[in-house]
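In the working numbering, the protein residues as written are 601 to 818. We put the CB at the ideal spot given by N, CA and C, even for glycine. Right, one structure below, let's go through it.
Structure follows, in structure tokens:
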């Protein structure tokens with residue numbers, strides 16, 4: 601977890617709340633790797649990218665509500681062939697009662713960041729933190745975008761997306777939170793859609809995905 605995120609969670613007296621993490625493969629993996637380059641179709645193989653995530657309960661600053669921090673990250677283990685603009689979503693069902701904080705018409709209390717390793721030798725360069733989601737949908741989730749940079753055949757990529765959310769302290773239940781990474785091939789832009797499970801990557805013939813699920817009891 602990035603230092604800036606960890607410090608903020610400590611200051612908010614964060615308590616780990618996600619109880620179960622599993623990989624969720626929507627489509628069968630089809631790994632057509634060529635050396636350190638990756639040529640993929642459908643689901644991104646686990647050998648090429650690693651996803652993770654968690655949920656923390658933090659001190660609430662809104663009367664009558666509990667507050668949580670949802671966090672997801674990714675790390676490429678091999679250098680992808682295509683380096684366009686990828687996205688990662690945090691999705692949750694609208695029936696859960698969770699809401700996104702807003703101010704002046706915009707989503708607030710959000711962070712996402714992209715980092716790259718020029719030659720795959722462990723020397724990471726962090727880009728600026730973005731404090732607004734690239735996409736969002738009311739009561740369903742947010743997304744972060746990552747403009748992948750390629751400097752060599754060994755360049756690696758990682759990043760994260762985090763969002764604070766609120767739920768009334770009289771509302772309780774269990775839900776799944778779906779983290780999904782979308783990798784663009786060839787050309788075009790990744791889009792997102794709202795599903796019963798929440799915000800997620802829109803499937804296309806030129807978008808590969810990888811998903812990660814969290815279970816939260818609140």
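Beta-carbon proximity check, residue i vs residue j, cutoff 8 Å
i, j, result
"residue 687", "residue 744", "yes"
"residue 655", "residue 816", "yes"
"residue 610", "residue 762", "no"
"residue 801", "residue 788", "no"
"residue 759", "residue 714", "yes"
"residue 690", "residue 786", "no"
"residue 665", "residue 658", "no"
"residue 699", "residue 742", "no"
"residue 709", "residue 764", "yes"
"residue 662", "residue 766", "yes"
"residue 780", "residue 809", "yes"
"residue 648", "residue 607", "no"
For residue i, the residue or residues it bridges with in DSSP
i, result
"residue 742", "690 and 736"
"residue 615", "657"
"residue 730", "712"
"residue 610", "In the DSSP output, where bridge partners are listed per residue, residue 610 has none listed."
"residue 707", "702"
"residue 808", "783"
"residue 748", "DSSP lists no partner for residue 748."
"residue 717", "724 and 756"
"residue 761", "672 and 712"
Same chain, Cβ closer than 6 Å to residue i, five either side skipped, listed in chain order
i, result
"residue 652", "673"
"residue 712", "730, 744 and 761"
"residue 660", "666 and 667"
"residue 631", "With a pLDDT of 35 at residue 631, under the threshold of 50, the predicted position of this residue should be treated as unreliable, though the coordinate-derived value follows. Counting only Cβ-Cβ distances below 6 Å, and skipping sequence neighbours, we find 645."
"residue 733", "707, 710, 742 and 743"
"residue 614", "656 and 658"
Backbone secondary structure at residue i - three-state DSSP
i, result
"residue 632", "Low confidence applies to residue 632: its pLDDT is 35, below 50, so where it sits in the model is not reliable enough to give any reading."
"residue 646", "coil"
"residue 793", "strand"
"residue 696", "helix"
"residue 627", "Because residue 627 sits at a pLDDT of 35, beneath the cut-off of 50, its placement in the model cannot be relied upon, and the following sentence gives the value as read from the coordinates. DSSP places residue 627 in coil when its eight states are reduced to three."
Residues of its chain near residue i, where Cβ-Cβ distance is below 7 Å and the 5 sequence neighbours each way are ignored
i, result
"residue 771", "697"
"residue 693", "775, 796, 797 and 798"
"residue 683", "748, 749 and 750"
"residue 616", "654 and 656"
"residue 768", "664, 665 and 697"
Chain-order list of residues whose beta-carbon lies under 8 Å from that of residue i (same chain, five-residue window excluded)
i, result
"residue 807", "782, 783, 784, 785, 790 and 801"
"residue 702", "708"
Handout entry: the segment 792-803 in contact with the segment 727-738 per 3-pair CB rule at 8 Å
Key = yes
Problem - Sufficient close CB pairs (3 or more, under 8 Å) joining the segment 748-757 to the segment 707-719 - result: yes
Practice task
Report yes or no: do three or more beta-carbon pairs, one from the segment 669-684 and one from the segment 722-733, lie closer than 8 Å?
Solution key: no
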